[in-house]
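Novice: With the first letter of the sequence shown counted as 1, position 70 gets the number 629 in my numbering; the numbers rise by one all the way through. Every residue gets a Cβ at the ideal spot worked out from N, C-alpha and C, and that includes glycine. Note that the structure is a prediction, hence the values are computed from the model and not measured.
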Amino acid sequence: MSEKNKILVEATPYYIEAQSSPEQNRYVFAYTITITNVGATPARLMTRHWLITDANGKIQEVNGEGVVGEHPYLHPGDSFRYTSAAMIETPVGVMQGKYQMLSDNGESFKAPIPKFTLSIPRILH
Numbered sequence: 560m561s562e563k564n565k566i567l568v569e570a571t572p573y574y575i576e577a578q579s580s581p582e583q584n585r586y587v588f589a590y591t592i593t594i595t596n597v598g599a600t601p602a603r604l605m606t607r608h609w610l611i612t613d614a615n616g617k618i619q620e621v622n623g624e625g626v627v628g629e630h631p632y633l634h635p636g637d638s639f640r641y642t643s644a645a646m647i648e649t650p651v652g653v654m655q656g657k658y659q660m661l662s663d664n665g666e667s668f669k670a671p672i673p674k675f676t677l678s679i680p681r682i683l684h
């Protein structure tokens, strides 16, 4: 990825106890994503690709258009923040992925979503 096309992705996960049911192996997590254009060229988020892995090694793959029904357009220095959710069968898991971006200069490029941990409070130290 060139310096003109550079997107920073940050994630903050939260456990949603009220929607979870540990006795049924149902653990719900929300996560807030902040996408920042740290490059020199405006770009639009076109698609998303997620890999969600639980502690048993079960992988959920999610592909789709945009995020939360939008295709955010980011000028250099702009950020877009949204919150979504995932459900896994174990109290700990990880998420990672990538966004497919399209810059104003016509270049398609990937913005990696660094791996982050989903865990219920006090299970990991």
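1) How many angstroms separate the CA atom of V651 from the CA atom of T593?
2) According to DSSP, simplified to helix, strand and coil, what is A577?
3) Give the straight-line distance between the Cα atoms of A614 and T649, rounded to the nearest whole angstrom.
4) In terms of DSSP beta bridges, what is H630 paired with?
5) Going by beta carbon distance, what residues of the same chain come within less than 8 Å of S643, once the five residues before and after it are set aside?
Specialist: From the atom records:
1) Distance between the alpha carbons of V651 and T593: 22 Å.
2) If DSSP states are grouped into helix, strand and coil, A577 belongs with the helices.
3) When the Cα atoms are used, A614 and T649 turn out to be separated by approximately 6 Å.
4) Among the bridge pairs identified by DSSP, H630 is matched with none.
5) Cβ within range, chain order: A589, Y590, I592, V626, V627.
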